[in-house]
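Peer 1: Be aware that the sequence shown starts at 765, since it is given in our numbering, and climbs by one per residue. Virtual Cβ for every residue (Gly too), placed ideally from N, Cα, C.
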Amino acid sequence: MKVCFVVMGFGKKTEYETGRTLDLNATYETIIEPAVTAQGLRCIRADEITQSGFIDVKMYEMLLRADLVIADISTGNVNAVYELGVRHALRPNSTIIMNEDRGKLYFDLNHINTFSYQHFGDDILAREAKRAVKELGELIGAVMAAQAVDSPVYTFLPKLISPRMSDEEYEELLEEAEEAQQRFSRHMREGEKFMRQSRHDLASQEFAVARDMKPSEPDILQKLALTTYKAKLPDEISALRAALEIIRVLEPEASNDPETVGVAGAITKRLWLKEGDLESLEASIQFYQRGFEVKRDYYNGENLAICFEFRAQVQSEKPEKVFDFMSARKIRQSIINLLLPLLDSADFFDRLDKRWIYATLANCYFAIERLNEAEAFEHRFLGAAEAQWEIDTYMAGKEELFTIRPERLAMLSSVQN
765 MKVCFVVMGF
775 GKKTEYETGR
785 TLDLNATYET
795 IIEPAVTAQG
805 LRCIRADEIT
815 QSGFIDVKMY
825 EMLLRADLVI
835 ADISTGNVNA
845 VYELGVRHAL
855 RPNSTIIMNE
865 DRGKLYFDLN
875 HINTFSYQHF
885 GDDILAREAK
895 RAVKELGELI
905 GAVMAAQAVD
915 SPVYTFLPKL
925 ISPRMSDEEY
935 EELLEEAEEA
945 QQRFSRHMRE
955 GEKFMRQSRH
965 DLASQEFAVA
975 RDMKPSEPDI
985 LQKLALTTYK
995 AKLPDEISAL
1005 RAALEIIRVL
1015 EPEASNDPET
1025 VGVAGAITKR
1035 LWLKEGDLES
1045 LEASIQFYQR
1055 GFEVKRDYYN
1065 GENLAICFEF
1075 RAQVQSEKPE
1085 KVFDFMSARK
1095 IRQSIINLLL
1105 PLLDSADFFD
1115 RLDKRWIYAT
1125 LANCYFAIER
1135 LNEAEAFEHR
1145 FLGAAEAQWE
1155 IDTYMAGKEE
1165 LFTIRPERLA
1175 MLSSVQN
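(1) So if DSSP puts ARG806 in a beta bridge, which residue, or which two residues, is it bridged to?
(2) Looking at ILE837: is its Cβ nearer than 7 Å to the Cβ of VAL850?
(3) Looking only at DSSP bridge pairs, what is ILE861 linked to?
(4) Do you know how far the Cα of ARG1172 is from the Cα of ASN843?
(5) Cα-Cα, which of ASP999, ARG1005, ASP811 and ARG1096 is closest to ARG947?
(6) Look at LYS1082 and ALA1076 and say whether their C-beta atoms are less than 7 Å apart.
(7) In whole angstroms, what separates the C-alpha of PHE1145 from that of SER858?
(8) Just verifying my parser: in three-state terms, what is the DSSP assignment at GLY817?
(9) From the DSSP output, in three-state form, read off PHE774 for me.
(10) Within 8 Å, do at least three Cβ pairs link the segment 1023 to 1035 to the segment 996 to 1009?
(11) What residue range does the beta strand (DSSP E) around LYS786 cover?
(12) Do the segment 1047 to 1065 and the segment 1135 to 1149 make contact, defined as three or more Cβ pairs closer than 8 Å?
(13) At which residue ranges does the segment 1115 to 1147 contain complete alpha helix (DSSP H) runs of 4 or more residues, listed in the order of the chain?
(14) The alpha helix (DSSP H) with SER1098 in it runs from where to where?
(15) According to DSSP, what are the bridge partners of GLU779?
(16) Just how far apart, CA to CA, sit GLU936 and GLU1015?
(17) Check whether the segment 993 to 1002 and the segment 961 to 976 are in contact - that is, three or more C-beta pairs closer than 8 Å.
(18) Taking all protein chains shown into account, decide if GLY955 is buried (16 or more other Cβ within 10 angstroms of its Cβ) or exposed.
(19) Cα separation between LYS776 and LEU854?
(20) Tell me where the alpha helix (DSSP H) around ALA1003 begins and ends.
(21) Excluding the five sequence neighbours on either side, which residues of its own chain have a C-beta within less than 6 Å of the C-beta of GLU1137, listed in chain order?
(22) Please state the DSSP three-state secondary structure of ASP976.
(23) Just how far apart, CA to CA, sit ALA910 and TRP1120?
(24) Could you work out which residue in GLY885, SER880 and PHE884 is closest to LEU903 when comparing CA atoms only?
(25) Taking DSSP as the reference, what is the three-state secondary structure of ASP914?
(26) Specify the secondary structure class of ASP1061 as computed by DSSP and reduced to three states.
(27) Looking only at DSSP bridge pairs, what is PHE1074 linked to?
(28) Relative to the C-alpha of THR839, which residue among ASP931, TYR934, MET862 and SER949 is closest?
(29) Assign HIS1143 to one of two classes, buried (16 or more other C-beta atoms within 10 Å of its C-beta) or exposed (fewer than that).
(30) For GLY817, which residues in the same chain have their Cβ closer than 6 Å to its Cβ, ignoring the five residues on either side in sequence?
(31) Identify whether ASP887 lies in helix, strand or coil by the three-state DSSP scheme.
(32) How about GLY1055 and PRO1022: are their beta carbons less than 7 Å apart?
(33) When we look at the beta-carbon of SER930 and count the other beta-carbons within 10 Å, is it buried (16 or more) or exposed?
(34) Quick test of the definition: if touching needs 3 or more C-beta pairs under 8 Å, does the segment 1087 to 1100 touch the segment 1160 to 1177?
(35) Just the Cα atoms here: how many angstroms apart are GLN1050 and ASP976?
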């Protein structure tokens, strides 16, 4: 059975030039793997060959021996671009480049087999996945049949002879890679299943095993930190501090990843609520502020608003109180203006995050005293929620809003008067 070796990043990656975040796992699972297997090839992903981000002998051997290499260089992933270059140096043909349609090609690849696809937010819509699987499959079939030179190295150095290697240990390498891929995917699937069931202790165990297999992957560390603090074991404070240590590996103070700063903000916010430590509250504000101001992420914005109101309650000077309350109000109005147009978009009901959009709008409307709109969006959220922990999280946020409500109303009334 012929082998397709897939070179790409893992999890959610940010294209730093544009600030967009793409879920590369969605690219692999909904487009690449189905298209490859439909053409009768074994599909092996590069990150299962080597750990810790180092390219070793096994990686080079796969880049040389694989019958087909697909390299997704979306987000300008440096490992993927380097591995693509190695493939072009080793093999004259059977290489396909993939790039998200708004992604930048950092060098001239116009004469090479390049396949374009489209992300919607950080995900891929069902109809785009269906189109891309069909068209990528057709391209794979054409490339494998033609065996035409597609490497720029061999195009411009036509007398260059491609190296050869024996078959020794190659099949064993393939089997090891497939087994690692299956084992890792199993732990991630189990962790996500337990998350949906609100069994956060079991979810964190699965994500911890996945983390040991890929120690620095943001997607895994984010999920592990989230489920660790939600498990509340051996007690809530200890779980929060353990989760904070996990997410610190991603350096949230300097991160532009909204998920990383959102998880860090959630942990420090909860430490503030449990311990009343102002330093934790200030840290939470800084994390959420990064996520909202850099990426206009509505989750970070909603939590930034409530943290401003938490801080307003402990401010000793009235102007500082007014500033925090008014900042929270302006942020919520900005979020409403950001989200309402999405409801009328043709793709809205295909969005995986639509329940959280409903929840955010409900909380924003409750905070600005537009109760009819708030209750309508709350009803939509409850109908769309996928797990009990999601409802619990929403209700906890709503309770925070209503706890602050008397002081919020009094402050805004004094400003208006």
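Peer 2: The answer reads as follows:
(1) For the purposes of this step, residue 806 is identified with residue 42 of the sequence shown, where counting begins at 1. ARG806 is bridged to VAL767.
(2) As a first step, residue 837 is located in the sequence shown; it is residue number 73 there, counting from the start. As a first step, residue 850 is located in the sequence shown; it is residue number 86 there, counting from the start. The answer is no: Cβ separation not under 7 Å.
(3) Start at 1 with the first residue of the sequence shown, and residue 861 comes out as number 97. The bridge partners DSSP lists for ILE861 are ALA835 and THR878.
(4) Here the question's residue 843 lines up with position 79 in the sequence shown. Here the question's residue 1172 lines up with position 408 in the sequence shown. When rounded, the distance between both Cα atoms is 50 Å.
(5) On the sequence shown, position 183 is the one that residue 947 refers to. Among ASP999, ARG1005, ASP811 and ARG1096, the Cα nearest to that of ARG947 is on ASP811.
(6) For the purposes of this step, residue 1082 is taken as the residue at position 318 of the sequence shown. For the purposes of this step, residue 1076 is taken as the residue at position 312 of the sequence shown. The answer is no: Cβ separation not under 7 Å.
(7) One-based indexing of the sequence shown puts residue 1145 at position 381. One-based indexing of the sequence shown puts residue 858 at position 94. Cα-Cα distance, rounded: 47 Å.
(8) In the sequence shown, the residue the question calls residue 817 occupies position 53. Confidence in GLY817 is poor, its pLDDT being 42 and thus under 50, which makes the residue's placement unreliable; the coordinate value appears in the next sentence. In the structure shown, the three-state DSSP call for GLY817 is coil.
(9) Counted from its first residue, the sequence shown places residue 774 at position 10. Looking at PHE774 - three-state DSSP - the assignment turns out to be coil, as it is neither helix nor strand.
(10) yes
(11) For this step, residue 786 is matched to residue 22 along the sequence shown. Checking the sequence, you will find Leu at residue 786 rather than Lys. Its beta strand (DSSP E) spans residues 784 to 787.
(12) no
(13) 1118 to 1131
(14) Position 334 of the sequence shown, counted from the start, is the residue given in the question as residue 1098. Start and end: 1082 to 1107.
(15) Position 15 of the sequence shown, counted from the first residue, corresponds to residue 779. Bridge partners of GLU779: ARG784.
(16) Translated into positions along the sequence shown, residue 936 becomes position 172. Translated into positions along the sequence shown, residue 1015 becomes position 251. Rounded to the nearest angstrom, the two C-alpha atoms are 38 Å apart.
(17) yes
(18) Start at 1 with the first residue of the sequence shown, and residue 955 comes out as number 191. GLY955 counts as buried, since no fewer than 16 other beta carbons sit within 10 angstroms of its beta carbon.
(19) Locating residue 776 in the sequence shown gives position 12, where the first residue counts as 1. Locating residue 854 in the sequence shown gives position 90, where the first residue counts as 1. The alpha-carbon separation between LYS776 and LEU854 amounts to approximately 29 Å.
(20) Indexing the sequence shown from 1 puts residue 1003 at position 239. For ALA1003, the enclosing alpha helix (DSSP H) has its first and last residue at 1000 to 1012.
(21) Translated into the one-based positions of the sequence shown, residue 1137 becomes position 373. Result list for GLU1137: TYR1129, in chain order.
(22) By 1-based counting over the sequence shown, the position of residue 976 is 212. If DSSP states are grouped into helix, strand and coil, ASP976 belongs with the helices.
(23) In the sequence shown, the residue the question calls residue 910 occupies position 146. In the sequence shown, the residue the question calls residue 1120 occupies position 356. Approximately 47 Å, taken between the alpha carbons.
(24) To locate residue 903, count along the sequence shown from 1; it is residue 139. When GLY885, SER880 and PHE884 are compared, the shortest CA-CA separation from LEU903 is found for SER880.
(25) On the sequence shown, position 150 is the one that residue 914 refers to. Here ASP914 sits in coil by DSSP.
(26) The residue labelled residue 1061 in the question sits at position 297 within the sequence shown. Three-state DSSP puts ASP1061 in coil, outside helix and strand.
(27) Within the sequence shown, residue 1074 is the residue found at index 310, counting from 1. Note: PHE1074 sits in no beta bridge, so no partner.
(28) As a working note, residue 839 is residue 75 in the sequence shown. Out of ASP931, TYR934, MET862 and SER949, MET862 has the C-alpha closest to the C-alpha of THR839.
(29) Position 379 of the sequence shown holds residue 1143. Around the beta carbon of HIS1143, fewer than 16 other beta carbons sit within 10 angstroms, so the residue counts as exposed.
(30) Within the sequence shown, residue 817 is the residue found at index 53, counting from 1. The predicted position of GLY817 is uncertain, since its pLDDT is 42 and thus under 50; no value can be drawn from it.
(31) Translated into the one-based positions of the sequence shown, residue 887 becomes position 123. Correct three-state label for ASP887: strand.
(32) Numbered from its first residue, the sequence shown carries residue 1055 at position 291. Numbered from its first residue, the sequence shown carries residue 1022 at position 258. It is a contact, given that the beta carbons lie within the stated cut-off.
(33) Sequence index remark: in the sequence shown, residue 930 carries index 166 (1-based). Its Cβ having fewer than 16 others within 10 Å, SER930 is exposed.
(34) Between the segment 1087 to 1100 and the segment 1160 to 1177 there are three or more inter-stretch CB-CB distances shorter than 8 Å, so the stretches are counted as touching.
(35) By one-based count along the sequence shown, residue 1050 stands at place 286. By one-based count along the sequence shown, residue 976 stands at place 212. Taking the straight line from one Cα to the other gives about 29 Å.
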